[in-house]
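Here the structure is laid out as structure tokens; the discussion comes afterwards.
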Ligand code: NAD
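Numbering (full-length UniProt numbering), first residue to last: 1 to 517.
Shown next, in the form of structure tokens:
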């Protein structure tokens, strides 16, 4: 079946939002967007930007080795644009940080309402650019909730006092850093945009967000809502473009004092390095995962099957905490695998703009090829029991739900993040052995255990090396008031309703000598 899309939205914002105004890139740079469901470009036009033949980077048109670029309409923020966004944020900082928390919060509340009103449009824009089915779009609700939560949190930013040093009354002050950078991925863009910006703004910082080149449209839409909510110019800047250009500027910028990043480990390391090479800005990293789910014989089998299927199928497996490794006890393995295979094969894939679709394509050709190459690798080392039949769609980047069994623990498909609807199911007999295998990875984002034995559940929760553990539940289950983040190479720092504001505050100790006479 060939998919032909009929988006209802014909025009959308694609420009940079800097200092309260929308503008094209300073050098006219633009990039195109293709629908992952059809492979066809839906955002393109004429452009004067030139790209180097080999390096594929924008360069001057005088260079003879150049080819004219494809000419799409999403603004590619230049180095100058990224610098301008930081300068605008720096200029806006003194006045914004001097406002009362209640006044700062009032802007966040307005934005929350506008995001909720835009739910349908945001859902469609995401379906068009990265292929998330509209039926699964909940980010607007979660983002509005976060904005409303942080809007009330400003007054809780408090220091401490101490009388422990004789002759002194000492205290700490909590103060904003100044300009905060946020670099976000494409898989859950609006939520990451808000979950980083809202606490940073409430703490009194000003913000520059760079959206992902794969999903820039919802961030640009949020920028229109920021403008509508009346944020003072320069407080909340949102730019689009590729990481090696504007993202690189933000991570190296001497005036950006803290940066929060969600994305791949590869880029996370570059950002950490950029911080070390520039001003040692505070870096918060939320990175990838290879999350294990462990199923014991006393588990509720139907629930474990349904949960773990949802964990790997949600967003077509493009979720950092997806349970991509399942360890099932040998005594229930054949029953579990049969049930899992049956339910996983029943997804309804198709045009993400249609309400009946629950399984969209991979985000773009790059993601598609990457997942396919892991599937080919998996076939060499493991046994594929579901998947790989030709997609029922003749166009688009669709991957069938795929299951491997008996995969060697040291193989690439067991060690690396695939970021697709691909799961490895292995068996175990011994608790210590399965813990060792679950922990034998550089990742440590999420792990889950299914058992009715409370002692075993707590033993496992203690032993599993991951930032989050689900007991009789699995990813994407989490809680707003619990810290979100990973052990080991899955990240540094934590985010969430109770902890994020701390990421954007300095601590100052003030020593006050008093005359006791
Ligand atoms: P990515 O690292 O390719 O890109 C993320 C962002 O970084 C994009 O905005 C990109 O433009 C930017 N970027 C790229 N190179 C850069 C550079 N040199 N300097 C500065 N910025 C740069 O990741 P992705 O493909 O967008 O997202 C998928 C990855 O994100 C997966 O590994 C996934 O596990 C991870 N992820 C983690 C979480 C979490 O909370 N732990 C959540 C979602 C996704």
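Glycine included, every Cβ here is placed at the ideal spot set by N, Cα and C.
Predicted model only: the values in this text are computed from it and were never measured.
Length of the line joining the Cα atoms of residue 3 and residue 395: 7 Å
Residues sharing a beta bridge with residue 422, DSSP: Answer is 402, bridged to residue 422.
Three-state class that DSSP yields for residue 149 in the structure shown: helix
Rounded C-alpha distance that separates residue 294 from residue 342: Going from the Cα of residue 294 to the Cα of residue 342 covers about 19 Å.
Candidates 306, 324, 184: closest to residue 290 by CA position: 324
Any non-hydrogen atom of ligand 1 closer than 6 Å to residue 270 Cβ: yes
Per DSSP, the bridge partner or partners of residue 175: 506
Selected residue, minimal CA-CA separation from residue 87, among 150, 179, 132: 179
With 16 other Cβ atoms within 10 Å as the buried cut-off, status of residue 28: exposed
For residue 449 and residue 51, the rounded distance between their alpha carbons: The pLDDT assigned to residue 51 is 40, lower than 50, so where the model puts this residue is not dependable; a value taken from the coordinates is nonetheless given after this. For residue 51 and residue 449, the distance between alpha carbons rounds to 50 Å.
heavy atom of ligand 1 below 6 Å from residue 183 C-beta: yes
Cα-Cα separation, residue 238 to residue 229: Roughly 14 Å between the two C-alpha positions.
C-beta atoms of residue 79 and residue 208 nearer than 7 Å: At the C-beta level, residue 79 and residue 208 stay beyond 7 Å of one another.
C-alpha distance - residue 147 paired with residue 235, whole-angstrom precision: 16 Å
Beta-carbon gap between residue 99 and residue 508 smaller than 7 Å: no
Residue 573 Cβ short of 6 Å to ligand 1 heavy atom set: The structure shown does not extend to residue 573, since the chain spans only 1 to 517, so no value can be given for it.
beta-carbon residue 416 near ligand 2 non-hydrogen atom, thresh 6 Å: No copy of ligand 2 occurs in the structure displayed; its ligands are ligand 1 alone.
Supposed contact pair residue 425 and residue 402 - C-beta distance, whole angstroms, cut 8 Å: So it is not a contact: roughly 11 Å between Cβ atoms.
Residue of 358, 105, 127, 446 minimising C-alpha distance to residue 38: Nearest C-alpha to residue 38: 127.
C-alpha distance - residue 451 paired with residue 158, whole-angstrom precision: Straight-line Cα distance between these residues: approximately 42 Å.
For residue 161: DSSP bridge partner residues: 171
Residue 156 versus residue 104: straight-line alpha-carbon distance, rounded: 14 Å
Range of the contiguous beta strand (DSSP E) that encloses residue 383: 383 to 386
Residues near residue 247 by beta carbon distance below 7 Å, same chain, minus five either side: 183, 210
Ordered list of alpha helix (DSSP H) runs contained in the segment 90 to 139, each at least 4 residues: 101 to 117, 119 to 130
DSSP state of residue 282 mapped onto helix, strand, coil: strand
Any non-hydrogen atom of ligand 1 closer than 6 Å to residue 212 Cβ: yes
Segment limits, alpha helix (DSSP H) that includes residue 434: Taken as a continuous stretch (DSSP letters only), the alpha helix (DSSP H) holding residue 434 covers 431 to 439.
Residues near residue 23 in its chain [Cβ-Cβ closer than 7 Å; skip 5 each side]: 15, 16
Sequence-distant residues of its chain with Cβ nearer than 6 Å to residue 499 (five each side left out): 483
DSSP state of residue 2 mapped onto helix, strand, coil: In the structure shown, the three-state DSSP call for residue 2 is coil.
Bounding residues of the alpha helix (DSSP H) (the contiguous stretch that carries residue 252): Under the DSSP assignment, residue 252 falls in the alpha helix (DSSP H) whose first and last residues are 248 to 252.
Delimiting residues of the beta strand (DSSP E) encompassing residue 341: Looking at the DSSP string, residue 341 is not in any beta strand (DSSP E); the run it does join, the alpha helix (DSSP H), is 333 to 344.
Contained alpha helix (DSSP H) runs [length at least 4] in the segment 180 to 247, N- to C-terminal order: Counting whole runs of 4 or more residues, the segment 180 to 247 contains the alpha helix (DSSP H) stretches 189 to 202, 217 to 229.
Local conformation of residue 305 per DSSP, three classes: Note: residue 305 maps to helix in three-state DSSP.
Under the three-state DSSP convention, the category residue 478 falls into: Here residue 478 sits in coil by DSSP.
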